[in-house]
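Per full-length UniProt numbering, the sequence shown starts with residue 1, numbered consecutively.
For every residue, glycine included, the Cβ atom is placed at its ideal position computed from N, Cα and C.
Note that the structure is predicted; figures quoted are calculated from it, not measured.
Here is the structure we will look at, set down as structure tokens.
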Amino acid sequence: MNKQRRVILAGLAALPFSRMASAQEVSLLPAEQAFLIGARQDGPGRIALDFRIAPGYILYRDRFAFASDAPLVKLVNPRFPLPAEKFDKVLEKQVAYYEGRLTVGLDVIGQPQPFRLKVQVQGCAVEAGVCYPPYTKEFQVPALSKKGG
Numbered sequence: 001m002n003k004q005r006r007v008i009l010a011g012l013a014a015l016p017f018s019r020m021a022s023a024q025e026v027s028l029l030p031a032e033q034a035f036l037i038g039a040r041q042d043g044p045g046r047i048a049l050d051f052r053i054a055p056g057y058i059l060y061r062d063r064f065a066f067a068s069d070a071p072l073v074k075l076v077n078p079r080f081p082l083p084a085e086k087f088d089k090v091l092e093k094q095v096a097y098y099e100g101r102l103t104v105g106l107d108v109i110g111q112p113q114p115f116r117l118k119v120q121v122q123g124c125a126v127e128a129g130v131c132y133p134p135y136t137k138e139f140q141v142p143a144l145s146k147k148g149g
């Protein structure tokens with residue numbers, strides 16, 4: 001009985017370590033670290049969004065969204081680089097995605113005024129097979145001069 005008790009106690013003592021090992025194997029970055037986003041003015045009426053995607057992570061091309069909180073400011077003509085493509089076994093379809101770095105250009109039209117730019121993306125940790133819910137980052141943008149004037 002004493003030997004059996006020691007075996008059970010040893011097994012229970014090892015449980016936290018087995019959970020730690022599996023948690024370390026699937027250690028995921030928070031979305032704000034996996035998908036770094038920066039915004040900058042890129043000429044009159046233009047914004048460039050710079051993305052740095054952590055190694056082992058991807059952003060889906062069709063999961064980008066851009067919005068302004070100012071009714072008289074519109075974000076148009078997003079310019080994306082060509083994405084990579086692969087067959088997604090879970091979705092059972094071909095998907096376009098980005099990894100590493102990319103820059104997306106946006107034209108800003110309407111009345112020049114400060115506004116909040118909302119950038120929403122969605123991506124996955126490839127090795128872990130885990131996809132994140134949509135992630136939104138906001139930027140305060142000063143009034144931009146109009147294109148051509």
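Item: Can you list, in chain order, the residues of its chain whose CB lies under 6 Å from that of Q120, leaving out five sequence neighbours each side?; Value: A65, P134, T136
Item: Which first and last residues belong to the beta strand (DSSP E) in which A48 is found?; Value: 46-53
Item: Once you ignore the five residues that flank L102 on each side, which residues in its own chain have a CB closer than 7 Å to its CB?; Value: F51, P81
Item: Going by the beta-carbon positions, is the gap between G56 and A143 smaller than 9 Å?; Value: no
Item: In this structure, does DSSP put Q33 in helix, strand or coil?; Value: helix
Item: In the DSSP assignment, find the unbroken beta strand (DSSP E) run with E138 in it and report its ends.; Value: 135-141
Item: First and last residue of the beta strand (DSSP E) that includes Q94?; Value: 93-98
Item: Use the C-beta contact count for Q111: other C-beta atoms within 10 angstroms, 16 or more gives buried, fewer gives exposed.; Value: exposed
Item: Between Y132 and Q122, which are expected to be in contact by the criterion C-beta below 8 Å, what is the C-beta distance as a whole number of angstroms?; Value: 6 Å
Item: Are there 16 or more other CB atoms within 10 angstroms of the CB of K104, so buried, or fewer, so exposed?; Value: Residue identity check: residue 104 is Val in the sequence provided, not Lys. The residue is buried, with at least 16 neighbouring Cβ atoms inside 10 Å.
Item: Got a sec? Which residues, its chain only, sit under 6 Å from S145 by beta carbon, not counting five neighbours each side?; Value: P44
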